[in-house]
Each structure stands twice: as C-alpha cells, then as structure tokens.
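Right, one structure below, let's go through it.
Protein chains: 2
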Amino acid sequence: MGLKSFVDVSADSHFPLENIPFGVFRPKTAGGDDHSLVVETPRPGVAIGDFVLDLSVISSAGLFDGPFLKKSQCFNQPSLNLFLEMGRPTWKEARATIQKLLSADEPSLRDNLSLRKKSLLPMNDVEMLLPVVIGDYTDFFCSMYHTKNCGLIFRGPEDPILPNWFHLPVAYHGRASSVVISGTKITRPRGQGHPIGSSPPYFGPTKKLDFELEMAAIVGPGNKLGKNIDINEAYDHIFGLVLLNDWSARDIQAWEYVPLGPFLGKSFGTTISPWIVTLEALEPFACDPPKQVRIKPAGQEQASVITKSNFKHLYWTITQQLAHHTINGCNLRSGDLLGTGTISGPEQDSLGCLLEITWNGKNKLSLNGSSQTFLEDGDEVIITGCCEGGDYKIGFGTCAGKVLPAITENQ
Amino acid sequence: MGLKSFVDVSADSHFPLENIPFGVFRPKTAGGDDHSLVVETPRPGVAIGDFVLDLSVISSAGLFDGPFLKKSQCFNQPSLNLFLEMGRPTWKEARATIQKLLSADEPSLRDNLSLRKKSLLPMNDVEMLLPVVIGDYTDFFCSMYHTKNCGLIFRGPEDPILPNWFHLPVAYHGRASSVVISGTKITRPRGQGHPIGSSPPYFGPTKKLDFELEMAAIVGPGNKLGKNIDINEAYDHIFGLVLLNDWSARDIQAWEYVPLGPFLGKSFGTTISPWIVTLEALEPFACDPPKQVRIKPAGQEQASVITKSNFKHLYWTITQQLAHHTINGCNLRSGDLLGTGTISGPEQDSLGCLLEITWNGKNKLSLNGSSQTFLEDGDEVIITGCCEGGDYKIGFGTCAGKVLPAITENQ
Chain A
89 MGLKSFVDVS ADSHFPLENI PFGVFRPKTA GGDDHSLVVE TPRPGVAIGD FVLDLSVISS
149 AGLFDGPFLK KSQCFNQPSL NLFLEMGRPT WKEARATIQK LLSADEPSLR DNLSLRKKSL
209 LPMNDVEMLL PVVIGDYTDF FCSMYHTKNC GLIFRGPEDP ILPNWFHLPV AYHGRASSVV
269 ISGTKITRPR GQGHPIGSSP PYFGPTKKLD FELEMAAIVG PGNKLGKNID INEAYDHIFG
329 LVLLNDWSAR DIQAWEYVPL GPFLGKSFGT TISPWIVTLE ALEPFACDPP KQVRIKPAGQ
389 EQASVITKSN FKHLYWTITQ QLAHHTINGC NLRSGDLLGT GTISGPEQDS LGCLLEITWN
449 GKNKLSLNGS SQTFLEDGDE VIITGCCEGG DYKIGFGTCA GKVLPAITEN Q
Chain B
89 MGLKSFVDVS ADSHFPLENI PFGVFRPKTA GGDDHSLVVE TPRPGVAIGD FVLDLSVISS
149 AGLFDGPFLK KSQCFNQPSL NLFLEMGRPT WKEARATIQK LLSADEPSLR DNLSLRKKSL
209 LPMNDVEMLL PVVIGDYTDF FCSMYHTKNC GLIFRGPEDP ILPNWFHLPV AYHGRASSVV
269 ISGTKITRPR GQGHPIGSSP PYFGPTKKLD FELEMAAIVG PGNKLGKNID INEAYDHIFG
329 LVLLNDWSAR DIQAWEYVPL GPFLGKSFGT TISPWIVTLE ALEPFACDPP KQVRIKPAGQ
389 EQASVITKSN FKHLYWTITQ QLAHHTINGC NLRSGDLLGT GTISGPEQDS LGCLLEITWN
449 GKNKLSLNGS SQTFLEDGDE VIITGCCEGG DYKIGFGTCA GKVLPAITEN Q
C-alpha cells in the first residue's frame, strides 16, 4: 500500500506521493494566448498527480521550517540551481517536508483552502520550463549495444568497439544553449552530408534525422577546478534524473565527426523532460526503469511504440561517469547535465535510435501501416519512462518534440 | 602620428587610444591580502596605457550621452554580456565616446580631477576577471599546418588531413566551466594515458602537458534556435578577439579521443587574455597580428620565446566559423567563445604547441640552457600578441598561466 495524499492521485500516475519530482514552471496567464500582457515569473514546483505544488508559495507561507530551508531563498528563484547547490541534506529535508504537507492526514495545507488554491495548480494551467540553468552539457556513450552498433555502421566489422571503451566512459562535450524543454519544436537542421560514393558532399536539410533515447543526470553541488570528486562521493553530487532525446542528423554527423567528434549533427536541439526525479525516489528500484519511445507520424492521431529499452543496459554507471568527468580536475557546476548516451538493449525492439533500428536506413520502420526510415517533417517523438514496483510507479513524465521542416533561403 | 590621449601612453604600449579593449575588473581592496573583508563588485572597463577606465563610473557620471547608451545599465553589470548583446551600433557609440573622453584635447574628464581619480585606476591596482559569462565554448581546428601535423603524429602519414577538413571548418564543443582568466594557475591533470606498446593504459598525472596557441572570437548578439546567421551578417555577431591557451594533456587526449573527440585531455583548463580587442580596433590591420609564446621554466627568472605564429595562418576565417556554427540552427548567445584552434605556421619556429614543436616528445626543446619536451611543474606559459602598423600597436596583452603539480590521493 503506497503513501496517501489528500490530492487525488490515480493508480497509473507517474507522480504519486512517493515520487515528488522537481521542476520549474510558470502559471499560464488568463486567456492563455500569446498576446497576454502579464507574464508570470518562473518558480520551482513539484508534481503530485495531475497537480503542481508551487514551492515559492509554500516557502513564503513559512511551511519549510527545517534547519536548512527555513531562511533560504532557494524556492524564490527562476531555476533550481541554488537548491541543487545546497546538497543532499537539504534535498532530504525538502522532500520530507513536502511529503508531509501533501499527506492525507496532515491538516496544515489540506485544511487551508486559500493556501491550497494558491499553491496547488492543475498541470494543464502551467507551462513547464527548463528546471536548471545548464552551464555545461556532457554526453556519455555508455550502452555497449549502442556503441557496438554505431561502430559496425560507421566504421565496419573490424573493432566495432574501440579499445578505450572498456577502460573509461567515453564522452564528449555537448551544446548547452540548444537544450530545450519537452514540447519545444525542433527545426530540421541543414548541413553538409557525408558524400555518397565519389560525389562531393551535398548541402541541404538532413536526410537522416534521428532521435536518441537517453537519460541524464542533473548535477547537485559542483567541485572546484583542479579537484576531483571521488567515486565514493559521486552519489552526493547527483540530484536526480530526466529523460533526454539527443536529436541527431546522421548524415551531417557521419561527415563531420572525424577527428574531433560530433558537432553540428547534434547541436541543433536536445530535449529533456521537465520533472527531475530524485535519486531518493528511485532508490527502492535500484536499477530498473524501463523506457519506451513512440513516434506519432505527421498527420496521424495515433502514436506507435517503436522501441522499449532499460536503464540497466548501461555499462558505466552515472556515478562512474561523474567521477571520471572530474578526475582531471574539470569543475562541474550545479545544474550541469550528464547524458548517458543512447540506451540500447540487446534485442531489435530495445534499440535506442533509428540509426540502429533501421540499420542506417537499410530497413524500413512500420508505423500504423505507413513505413519510413528516418524522421519525417511533422513526426512527433515521445519518450516516456517509469519504474514499476509493487503498488506505485515512479514516472518521468514525457520528453516530446515535433519536427518542423527545414528553413529555406528566403526565410 | 597616432591619436593622443591625456593619459600617458608609452610608444610600445599594447593599449593606445586606437585600441580601447574591453574587460571586466575589480579594484584590489586596501591591503590587497586575502583576508580583506571588502570585496569590490566586478565592473566593465577599458584599457588605456597602464590604466583602466572604470565604465561604471563614467556611466553613472552621465558621460555616455549617445542614443544607445544614455539610458542603458550595460556598464553597471558584472559582465559585458548585456553590452555585447546590444550590437555594433552600440559598440561604435561606446568606442567613440570613450576615445573622445580620453583624448588630449577634450576637457570633460581631463579637467575633472575628482572624476579622473575615481575612474582611472592604475592597472596594478585592479584584478582582471573573465570579461563575459561564457554560455558555450567551441574550439575550431582551422590551421592547415596544425591539422596536418596532428594527423601525422596521431594517425600516421596516410591522409594526415581528413577529406572533410577542406569542405567545412571542423570543430568540437569545449568545456565552458573551466575557462579561466590569464594568471590562473593550472593544476596538472590526472587521467588514463594511451597505452605504450602492449601495456595496459596507465593512470596518473599527465606526462605530456602542452599549451595551444590560439585566438578566440567573442560573440555579440546571438541567434534564435532554428535560425542561422548568414555569412554576410557574421561580422556583426562578433564583438572582438582574445588570446587563448587551450591547455592539453596529449597522452590522455590520444587515448580517449576516438570516436567522440577530445574530452578530459582538454577540459581541465583553458586560459584567455582579459582584454577583448574589438574588430573596429583591428580593422586597419586586416589580417596580420603576429603572436608569440614564451615559457618561463620552473625556478628561472627569464622566459624564452619558443614560437612565433600569425593569425593569417588560418584556413577558415572567423566569420566562416561563425556562419558554419549556426547553419544547422544552433543558437549562439552573447559571450560565447569561439576558439580558432592552434595556430601553426609552416616553419619550425611558428608551430603553435609542444606536440608539434617536439614532434610528440621526440625532439627536445632548449630553454635558457636547460632542455625538456612537454611542460614541467612550475613552468609558466606566456602568450602575447599585437598588430604592428605605422606609429602604434594594437595589442592583446598577455595570456599567462603557471603549472601546479598534480594533486595526490591524500589531498
């Protein structure tokens, strides 16, 4: 029997009282159209069922009365960075306070109707924003199945997994500016594609637009430049996890990536889910969150599930990733985003991107009767994931994005 | 005959009235020790001779009276980002106003002794800080000589320059958090080095610590995600240039860089010079700023010049770099840093890093009588650069950093 909240939470909700994921939102203004003059300030919140609890209101009402949060302004900020910097004891205090406030037998919020009205907003009435200011975004390459498949496709059957891969978690720096929140539309990128045969490289909208199913850790307290974070302390530097779609243009990537790695084939957009699920909420599930990707093809109402994968398919753990990242003295900052890399499993229906699923466009993908290889304009990619245990789920919500056509010269 | 300021500027100064480079500084507090209680706020300034003009004081005194700056708070900020975002018309207005205020025949500052005392500070009395908040740092690979030498060293004589290189400016995302200002000490990084022969990879302090002589463009106004910046408009999105030392650990880099590019071999520190020299100041020199690197070996008083290179050795220009960076819709933000990559020339004494100068440690470097291959603990690397024309110089000042020993397990 799970914990009971006075807020109604359906049995299949991603956000029961056991979860309490953190995000940043803005109430939609009256009328809800783009011409509205009042733009509300972004502020932190947590999800409970189909509602968002406004932490700035709870904080201003003096309900965070523990030693770490009593005098803190961390919930009167437009991002979670300050809260994340404060570390695990503060996070635990916040979680305990919020779980108590929302529980069925605690009257302080339940019976205060004006405060409830002010602090509990239907999810449909808010706009979710990036939860953190992301100083740097790093993307790892930690699924062995994905690594092997990419090696086979890009370099051929000889040594598909390079010798360094088993010795260290391979990673590259990603682009922080183009990380966007779920729901943001992604414009098909243009660029130079890999030459086909002896032709010169072509230029134009990518012909191989792909998603990548990933998760990402959000960094809590950082470290000073020149000092590393020990593997035994790495856990305390990770606040929680989100879903991540590392959109990729495979023809651009294949041409540009030697010798310095992916650049424009990735930097046109990276989507994350809005709710950061804390490691505390995930603890009872050890390492078992399955995830799935659906594609809703352009012009269709129904989305098809095209792959199901699992976090357990990572060879290198997120604490190993974080410790490795700092071993050279590189400084992490609160809010930094560490992507796991595409999470592929061993079976055909657990591959984490279209490059693998279609084997670089050789095999077609069937979607509600139609078929295609890479993403088409108008397609919507929807990633969801949750941990399922006994009588409740810990869910990540969704990480979604729709493909817009490439811009043309006249735009 | 150059422009004449009422501030004394020596003939060999990097900072005559024609230059007016922008930076951010903090007055050193009385006593100047670390125990001082008063920490002054960072604020924008420009360099003139051996002085810094405090733009926050000039702005508060109402001396920026042009249409763009009259009501702006851009000089009452701890970084230049807001000013950079305002674009070239504002930059031109600022430059014209400052050049007029500092000129020998303009009385408004010259004859106002209390304002002069408040606004003109000896350079020795200020601490220079990072001039911008760097959202993303990108490093290009634009010198053909450097590219060819790296290819020969890392991959051998077959195709040292890969086929994509002549078609697009190859680049990778760097680490923004570890960009530091000139003078910051750099701790020797630890990591896994490339295996030698059939041995397993070793772990420890890098044995191949290197500098890289680069320049970097600082982005002015950015672009929206999904829209590109046309090559014909790229110039207006670049505010100016700094010197950059992209410290590199060659043994770590050689092992980790396939297939995703350099990561920990670079992310432990990148040093930039504090003064951003504007494109306006550089215009009379078209493309000719020579640069040199000196190394002051540990324990020695004298620094030796070890290489002289030139900005003209870039195959791809900075406007081509910027236009390429955004062609896929990637958004740049004001303050972004675009490194040129190591600038090597064709001769042995114009190579831009020790990897090339010593041919990966095979040849020794002679420094004031002693000899070494890569950087030793205690060595200080000092990069300087200036444009020399008729009767004045446009200088970049220095980009310097000293190597600290690696941390040990007990630290």
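First to last, the sequence lines map onto chains A and B.
Converting from the first sequence to this note's numbering requires adding 88 to each position, the first position being numbered 1.
Converting from the second sequence to this note's numbering requires adding 88 to each position, the first position being numbered 1.
A virtual CB, placed ideally from N, CA and C, is assigned to each residue, including glycine.
- A residue is called buried once 16 or more other Cβ atoms fall within 10 Å of its Cβ, and S336(A) is buried on that count.
- Going by beta carbons, E181(B) and L217(B) fall outside the 8 angstroms limit.
- For Q409(A), there is no enclosing beta strand (DSSP E); the residue is found in the alpha helix (DSSP H) stretching over 406-414.
- Close partners of R263(B) in chain A (Cβ separation under 7 angstroms): D224, H261, C418.
- Unbroken alpha helix (DSSP H) stretches of 4 residues or longer found wholly inside the stretch 201-285 of chain A: 201-207, 232-243, given in chain order.
- Take G223(B), set aside five residues on each side of it, and the residues of its chain with a beta-carbon closer than 7 angstroms to its own are A264, R421, G423, D424, in chain order.
- Burial is judged here by how many other beta carbons sit within 10 angstroms of a residue's own beta carbon; V140(A) has at least 16 and is buried.
- Straight-line spacing of the CA atoms in A305(B) and I415(B) works out to 18 angstroms.
- Taken in chain order, the complete alpha helix (DSSP H) segments of 4 or more residues contained in the stretch 289-362 of chain A are 338-344.
- By the rule that beta-carbons nearer than 8 angstroms mark a contact, N252(A) touches chain B.
- Residue contact check for S160(A) against chain B: no CB pair falls below 8 angstroms.
- Less than 8 angstroms divides the Cβ of N164(A) from the Cβ of S144(A).
- Residue state for L190(A) is assigned as helix, using DSSP reduced to three classes.
- Taking 9 angstroms as the upper bound on Cβ-Cβ separation, chain B lies near residues I340, W343, E344, Y345, V346, P347, L348, G349, P350, F351, L352, G353, K354, S355, F356, G357 of the stretch 340-368 of chain A.
- Contacts with chain B (Cβ-Cβ distance below 8 angstroms) from the stretch 387-415 of chain A involve H412, H413, I415, listed in chain order.
- Looking at T428(B), K312(B), K396(B), L443(B), the one whose alpha-carbon comes closest to that of D339(B) is L443(B).
- Between V307(B) and chain A, the shortest Cβ-Cβ separation is not below 8 angstroms.
- Among the CB atoms of chain B, none fall inside 8 angstroms of the CB of Q187(A).
- Contact between F462(B) and L297(B) holds: CB atoms are separated by about 5 angstroms, below the 8 angstroms threshold.
- Residue-level contact check: R278(A) touches chain B, since one or more beta carbons of chain B fall below 8 angstroms from its beta carbon.
- Sequence-distant Cβ neighbours of P362(A) in its own chain, meaning closer than 7 angstroms and more than five residues away, are G111, M216, P219, I269, S270, G485.
- Shown here, K116(A) sits in coil according to DSSP, grouped into three states, outside any helix or strand.
- At a cut-off of 8 angstroms between C-beta atoms, H255(A) counts as an interface residue with respect to chain B.
- With contacts defined as CB atoms closer than 8 angstroms, H401(B) and I431(B) qualify as a contacting pair.
- For S98(A) and D199(A), the gap between their C-alpha atoms comes out near 21 angstroms.
- Taking C-beta separations shorter than 6 angstroms and ignoring five residues to either side along the sequence, the partners of K384(B) in its chain run A391, E468, following chain order.
- A residue is called buried once 16 or more other Cβ atoms fall within 10 Å of its Cβ, and D227(B) is buried on that count.
- Bounds of the beta strand (DSSP E) holding F139(A) are 139-142.
- Secondary structure of F110(A) (DSSP, three-state): strand.
- Listed by position along chain A, the residues whose Cβ is nearer than 9 angstroms to that of S432(B) form an empty set, because the closest Cβ is around 16 angstroms away.
- As the crow flies, the alpha-carbon of G473(B) is around 41 angstroms from that of T496(A).
- Per DSSP, the unbroken beta strand (DSSP E) holding N398(B) starts and ends at 392-398.
- The beta carbon of P293(A) lies closer than 8 angstroms to those of R276, P277, R278, P493, A494 in the same chain, with the five residues before and after it left out.
- Within chain A, the residues P347, L348 have their CB atoms less than 9 angstroms from the CB of F229(B), given in chain order.
- Taking a Cβ-Cβ cut-off of 7 angstroms, the neighbours of V258(A) in chain B comprise E344, L348, given in sequence order.
- In the three-state reduction of the DSSP assignment, F484(A) falls in the strand class, which pools E and B.
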